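Chemist:
2 protein chains.
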Amino acid sequence: MTYAQSVINGDRLALARLLTQVENNAPDGRTALIELFPYTGKAHLIGVTGAPGTGKSSLVNQLALHYRKAEDKRIAIVAVDPSSPFTGGAVLGDRVRMRDLTGDANVFIRSMASRGSLGGLAQSTANMAQVFDAAGFDIIIIETVGAGQSEVDVARLAHTTLVVEAPGLGDDIQAIKAGILEIADILVVNKADRPGVENTEKALKSMLDLAHPTERVFQHHGSTMRVAAPAQPASSAPMWIPPILRTVSTEGKGIVELAEAIARHVVHLRQSGDWAVRERARLEVELDALVRESLMNRFKESVPQEMVEDVLEKVVQRNISPWEAVKILMKEK
Amino acid sequence: MTYAQSVINGDRLALARLLTQVENNAPDGRTALIELFPYTGKAHLIGVTGAPGTGKSSLVNQLALHYRKAEDKRIAIVAVDPSSPFTGGAVLGDRVRMRDLTGDANVFIRSMASRGSLGGLAQSTANMAQVFDAAGFDIIIIETVGAGQSEVDVARLAHTTLVVEAPGLGDDIQAIKAGILEIADILVVNKADRPGVENTEKALKSMLDLAHPTERVFQHHGSTMRVAAPAQPASSAPMWIPPILRTVSTEGKGIVELAEAIARHVVHLRQSGDWAVRERARLEVELDALVRESLMNRFKESVPQEMVEDVLEKVVQRNISPWEAVKILMKEK
Numbered sequence: 001m002t003y004a005q006s007v008i009n010g011d012r013l014a015l016a017r018l019l020t021q022v023e024n025n026a027p028d029g030r031t032a033l034i035e036l037f038p039y040t041g042k043a044h045l046i047g048v049t050g051a052p053g054t055g056k057s058s059l060v061n062q063l064a065l066h067y068r069k070a071e072d073k074r075i076a077i078v079a080v081d082p083s084s085p086f087t088g089g090a091v092l093g094d095r096v097r098m099r100d101l102t103g104d105a106n107v108f109i110r111s112m113a114s115r116g117s118l119g120g121l122a123q124s125t126a127n128m129a130q131v132f133d134a135a136g137f138d139i140i141i142i143e144t145v146g147a148g149q150s151e152v153d154v155a156r157l158a159h160t161t162l163v164v165e166a167p168g169l170g171d172d173i174q175a176i177k178a179g180i181l182e183i184a185d186i187l188v189v190n191k192a193d194r195p196g197v198e199n200t201e202k203a204l205k206s207m208l209d210l211a212h213p214t215e216r217v218f219q220h221h222g223s224t225m226r227v228a229a230p231a232q233p234a235s236s237a238p239m240w241i242p243p244i245l246r247t248v249s250t251e252g253k254g255i256v257e258l259a260e261a262i263a264r265h266v267v268h269l270r271q272s273g274d275w276a277v278r279e280r281a282r283l284e285v286e287l288d289a290l291v292r293e294s295l296m297n298r299f300k301e302s303v304p305q306e307m308v309e310d311v312l313e314k315v316v317q318r319n320i321s322p323w324e325a326v327k328i329l330m331k332e333k
Numbered sequence: 001m002t003y004a005q006s007v008i009n010g011d012r013l014a015l016a017r018l019l020t021q022v023e024n025n026a027p028d029g030r031t032a033l034i035e036l037f038p039y040t041g042k043a044h045l046i047g048v049t050g051a052p053g054t055g056k057s058s059l060v061n062q063l064a065l066h067y068r069k070a071e072d073k074r075i076a077i078v079a080v081d082p083s084s085p086f087t088g089g090a091v092l093g094d095r096v097r098m099r100d101l102t103g104d105a106n107v108f109i110r111s112m113a114s115r116g117s118l119g120g121l122a123q124s125t126a127n128m129a130q131v132f133d134a135a136g137f138d139i140i141i142i143e144t145v146g147a148g149q150s151e152v153d154v155a156r157l158a159h160t161t162l163v164v165e166a167p168g169l170g171d172d173i174q175a176i177k178a179g180i181l182e183i184a185d186i187l188v189v190n191k192a193d194r195p196g197v198e199n200t201e202k203a204l205k206s207m208l209d210l211a212h213p214t215e216r217v218f219q220h221h222g223s224t225m226r227v228a229a230p231a232q233p234a235s236s237a238p239m240w241i242p243p244i245l246r247t248v249s250t251e252g253k254g255i256v257e258l259a260e261a262i263a264r265h266v267v268h269l270r271q272s273g274d275w276a277v278r279e280r281a282r283l284e285v286e287l288d289a290l291v292r293e294s295l296m297n298r299f300k301e302s303v304p305q306e307m308v309e310d311v312l313e314k315v316v317q318r319n320i321s322p323w324e325a326v327k328i329l330m331k332e333k
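Each protein sequence line maps, in turn, to chains A and B.
Read left to right, the first sequence gives residues 1 to 333 (the numbering used here).
Read left to right, the second sequence gives residues 1 to 333 (the numbering used here).
This is the structure we're talking about:
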C-alpha cells in the first residue's frame, strides 16, 4: 500500500511521516500529493492570524476543543511558527497547546518551521493542508504568528480568516491592523477581560468603516480623491461585513459565538459563490508557484554552476550590473 | 541628462521620482538602476526590525537625528509598512516621523507599501537601497514592521541588523524572538524605562546563550543530542556576540551607545571579511530573483493565457493535479 492510501485509510503514523516528507519537499511527498489530490477540496480551511501577544494559540486550542466536543468534527492544526535552526524546529507550540487535545485521534497538530526559501512557506502550508484535506479532516486551522507578507500569503489559502487583536498592545499596532484588516473575515478581540477592550473595538470599527465606506477616499500625491463606493453587488447574496467578536480564550469565553460566526461565514461563502472563487484563486497561486519552480529547475540543469559563479563575481566587482548578468545567463542578445 | 545622472548630481526631485519608478518596477526605473549600479556598494545598510509596539519608528528617528547632528552623515530611511489598498499607501509613518527631520536636505524618508507579489518586497527594497547608495547616502536604514519571513528577507539586505524588543509585550513573543534572534547583530531593549525591562533582558540573554552555546543541543523525535559547539574560528577576528542595549527612544536615551555599537559592528565586518561576504550574498539573492523573473516572463510569452486557464480549470475540477498541470504547461513528456 502507498503512503497516500494509508493516509486515506486513516493511518496516523503514515500521515505524520507524509507530512514530514511534504514539509521537506521530498520526492516521495510529491508523488503522494499527486495521488491524494483527487480527494481534496472538502475541508474548511480557517486561517488565524494577528500580532504577537494576542493569545492566538490559546484561541485556536479552544476553537479546536469546541469543534471536537460540540460538533464532533475532525480537526487539523497547522501552526506556522518562526523557528530556529539551533533548536531544529518550532520553539514553543506543541507541548503547551496539545495538553487539552492530546490522545484524541481526531485531532492532529503540526508545527511548521518558517525558515526556508521565499515563497516556500506558503507552498509547504498549502501542501500540508492538502494532505489533511485528503485524510478526511473536516476543519484545518492554519495559525500564523506575526503580520508580514508571508502571513498574508498563508491567509490567502484559507476560506475564512480570523484576525486576532488584544487590548493594549502598543501604539504602532494600528499600522499592522490596517494591512491585515483586508484579509479579515472575522475580527476577534481576545483577552477581552483586559482594560482598553472598548478602545480596541472602537479602533477596529473605525478601520472597518474605512474598509467598507459609503464613499472611498484615495490619497495620491497629497491630493485627495473621493469616489462613490461600489453599491451592493447585484447578486442576491449580501456583502460580508466582518463582525467583531470578544473572546477570553483562557476561560473559553466567546468561543461558541465565534464558532457561530465562522459557520455564518461558510454559509455566506457558499451562497455568494465566493467559496468556489477562493478555491480557484488558491489553486491558481499554487500552479503559478509550481511553474516558477519547474522553470528554475530547468534553468539550473541547463546553466553550469561555474558560469553562474563567474557572472556573479563580475557583479560583485561592479563590472556588470545584475540585469546584464541575467542577460548573459539567459543567453539573450 | 538622464534621471540617473540627476540623482548622482544630488537632484532631490529626480531622486523622489526615480524611487517611485523603482518601487513600481517601471522600465525607466530599471534603466536607471543599470546606470546607477557602478556607483553602489558604498553605503552602510542598517536593518531595524522587531515586533509591533516596540517603538521602532521612534528609535529610527532618534538614530537618524544622531547621525545627522553628531556625525554629519547623509541618511536615507526606507520604512517597509504594511499598507492598505484603500489608503493607497503606507498608513502612518511619514508625517509623524518626519517632524524632527523635515527640511534637512541630507535626510530622505520613504515609506514602502508591503503589498505586491511574494518576493517583490525584498526586491523593491533592495532596488531602492541601491538608488540611495548611488545617490551618495552614507547610511540607509531599512525599518520593517513585524517578524515574518518577508522581514527576515529584508533584513538579509542589511550589513547590520538591529532587533528591537520592549518590556511587557506578552507571552507568545518568545517564539518570535527565537526566530528573529538569528538575524540580530545588535539587540535593543527599547522603552527601557518600563517595568519588566530586567526580565526582557534576561530572556534575551538566555536565548543568546542558546544561539552561542558552549555546547549545542539538538532535539530530534524526543531524543536529545549534544555536540560540542564549534570553537572560535581560526582567523584572528573574534566572533561577534550580539550586544544587548537599553534605549528610551522617546527621550533619546541610549542612542549614542547604540550608534557606538553599530560602529563597532562595522569594524568587525571589515576586519573579519564579513562585509564582503554579506555584499556577495545580497547580490547573489538579487541575481537569483532576476533570473526567476526573466524565466517567468519568457514562459508567459511562450504559453498562451487561454492554455493556462484551460489547464487551471481541469485542476479546479480535480481532473488533473497541479503537478500534472505543470507538466502539460511545460510541455514535458
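Even for Gly, the Cβ is constructed at its ideal location relative to N, Cα and C.
All values reported here derive from a predicted model rather than from experimental measurement.
Please decide whether residue 291 of chain B counts as near chain A, where near means a Cβ-Cβ distance under 7 angstroms.
Modeler: Residue 291 of chain B counts as touching chain A.
Chemist: Taking 7 angstroms as the threshold (beta carbon to beta carbon), is residue 275 of chain B in contact with chain A?
Modeler: No, residue 275 of chain B does not count as interfacial toward chain A.
Chemist: Against chain A, with Cβ distances strictly below 7 angstroms, would residue 325 of chain B count as a contact?
Modeler: So yes, residue 325 of chain B belongs to the interface.
Chemist: Quick one: which unbroken beta strand (DSSP E) runs of 3-plus residues sit fully inside the segment 224-307 of chain A? Chain order, please.
Modeler: Segments of the beta strand (DSSP E) lying fully in the segment 224-307 of chain A: 244-246.
Chemist: Have a look at B:192, B:40 and B:45 and flag the residue whose alpha-carbon is nearest the alpha-carbon of residue 337 of chain B.
Modeler: Limits of chain B in this structure are 1 at one end and 333 at the other, which puts residue 337 of chain B out of reach.
Chemist: Quick one: measure Cβ to Cβ for residue 200 of chain B and residue 165 of chain B, integer angstroms, because I've assumed they're closer than 8 angstroms.
Modeler: Contact flag correct, Cβ pair sits at about 6 angstroms.
Chemist: Please classify residue 207 of chain A as buried or exposed, where buried requires at least 16 other C-beta atoms within 10 Å of its C-beta.
Modeler: By the 10 Å Cβ count, residue 207 of chain A comes out buried.
Chemist: Could one say the Cβ of residue 38 of chain B lies closer than 7 angstroms to chain A's Cβ atoms, at least one of them?
Modeler: Answer yes: the Cβ-Cβ gap between residue 38 of chain B and chain A drops below 7 angstroms somewhere.
Chemist: List the residues of chain B that residue 8 of chain A touches, going by C-beta distances under 8 angstroms, in chain order.
Modeler: Near residue 8 of chain A there are no residues of chain B at all, since even the closest Cβ is about 15 angstroms away, more than 8 angstroms.
Chemist: At the 7 angstroms Cβ level, is residue 278 of chain B part of the contact set with chain A, yes or no?
Modeler: Cβ-Cβ to chain A under 7 angstroms: no for residue 278 of chain B.
Chemist: Alpha carbon to alpha carbon, how far is residue 97 of chain A from residue 183 of chain A?
Modeler: Because residue 97 of chain A carries a pLDDT of 49, less than 50, the predicted location of this residue cannot be relied on, and no value is offered for it.
Chemist: Does any residue of chain B bring its CB to less than 7 angstroms from the CB of residue 34 of chain A?
Modeler: Chain B, which has a Cβ nearer than 7 angstroms to the Cβ of residue 34 of chain A, makes this yes.
Chemist: Use the C-beta contact count for residue 130 of chain B: other C-beta atoms within 10 angstroms, 16 or more gives buried, fewer gives exposed.
Modeler: It is buried - the Cβ of residue 130 of chain B has at least 16 other Cβ atoms within 10 Å.
Chemist: What does residue 299 of chain B touch in chain A if you count any residue whose Cβ is under 7 angstroms from its own?
Modeler: The contacting residues are 291 and 295.
Chemist: Taking 7 angstroms as the CB-CB cut-off, is residue 321 of chain B touching chain A?
Modeler: Cβ-Cβ to chain A under 7 angstroms: yes for residue 321 of chain B.
Chemist: Just list the residues that DSSP pairs residue 111 of chain B with in beta bridges.
Modeler: The partner list for residue 111 of chain B (beta bridge, DSSP) reads B:79.
Chemist: Relative to the alpha-carbon of residue 279 of chain A, which residue among A:251, A:244, A:299 and A:158 has its alpha-carbon at the smallest distance?
Modeler: The shortest C-alpha separation from residue 279 of chain A is found at A:158.
Chemist: I'd like to know if the segment 30-38 of chain B and the segment 308-324 of chain A are in contact, where contact means that at least 3 CB-CB pairs between them fall below 8 angstroms.
Modeler: Because the criterion of three Cβ pairs below 8 angstroms is met, the segment 30-38 of chain B and the segment 308-324 of chain A touch.
Chemist: Under a CB-based cut-off of 7 angstroms, is residue 224 of chain B close to chain A?
Modeler: Model confidence at residue 224 of chain B stands at a pLDDT of 44, short of 50, so the residue's coordinates are unreliable; what they give is reported in the following sentence. It does not: the Cβ of residue 224 of chain B has no partner Cβ on chain A nearer than 7 angstroms.
Chemist: Any C-beta of chain A sitting closer than 7 angstroms to the C-beta of residue 318 of chain B?
Modeler: True, the Cβ-Cβ gap to chain A drops below 7 angstroms.
Chemist: Could you round the C-beta distance between residue 137 of chain A and residue 14 of chain A to whole angstroms and report it? I think they count as a contact, below 8 angstroms.
Modeler: Not really, about 14 angstroms apart at Cβ, beyond 8 angstroms.
Chemist: Excluding the 5 residues flanking residue 12 of chain B on each side, which residues of the same chain have their C-beta closer than 8 angstroms to its C-beta?
Modeler: Contacts found: 105 and 108.
Chemist: When you check each C-beta in the segment 235-268 of chain B against every C-beta of chain A, which residues fall closer than 7 angstroms?
Modeler: So nothing in the stretch comes that close.
Chemist: From the DSSP output, which residues share a beta bridge with residue 143 of chain B?
Modeler: Per DSSP, B:48 and B:79.
Chemist: Let me confirm a value: residue 251 of chain A is counted as buried when at least 16 other C-beta atoms fall within 10 Å, else exposed. Which label applies?
Modeler: Result: exposed.
Chemist: According to DSSP, is residue 333 of chain B helix, strand or coil?
Modeler: Bear in mind that the predicted position of residue 333 of chain B carries a pLDDT of just 44, short of 50, making it too unreliable to give a figure here.
Chemist: So what's residue 87 of chain A in DSSP terms, helix, strand or just coil?
Modeler: Annotation note: pLDDT 30 at residue 87 of chain A (below 50); position unreliable, coordinate value reported separately. Coil, per DSSP.
Chemist: For residue 336 of chain B, list the residues DSSP reports as bridge partners.
Modeler: With chain B running from 1 to 333 in the structure shown, residue 336 of chain B is simply not present.
Chemist: When we look at the beta-carbon of residue 111 of chain A and count the other beta-carbons within 10 Å, is it buried (16 or more) or exposed?
Modeler: Buried is the call here.
Chemist: Helix, strand or coil, according to DSSP, for residue 20 of chain A in the structure here?
Modeler: It is helical.
Chemist: Could you tell me whether the Cβ of residue 315 of chain A comes closer than 7 angstroms to any Cβ of chain B?
Modeler: Yes, contact with chain B.
Chemist: Whose Cβ in chain B lies nearer than 9 angstroms to the Cβ of residue 15 of chain A?
Modeler: Going along chain B, no residue has its Cβ under 9 angstroms from residue 15 of chain A, so there is no contact; the nearest lies around 16 angstroms.
Chemist: Tell me whether the beta-carbon of residue 299 of chain A lies closer than 7 angstroms to the beta-carbon of residue 295 of chain B.
Modeler: Closer than 7 angstroms, so yes.
Chemist: I'd like the list of long-range same chain contacts for residue 242 of chain A, defined as Cβ closer than 7 angstroms, with 5 residues on each side in sequence excluded.
Modeler: Answer for residue 242 of chain A: 184, 185, 186, 187 and 208, listed in chain order.
Chemist: Of all the options A:66, A:254 and A:127, which has the alpha carbon lying nearest to the alpha carbon of residue 30 of chain A?
Modeler: The option with the nearest alpha carbon to residue 30 of chain A is A:127.
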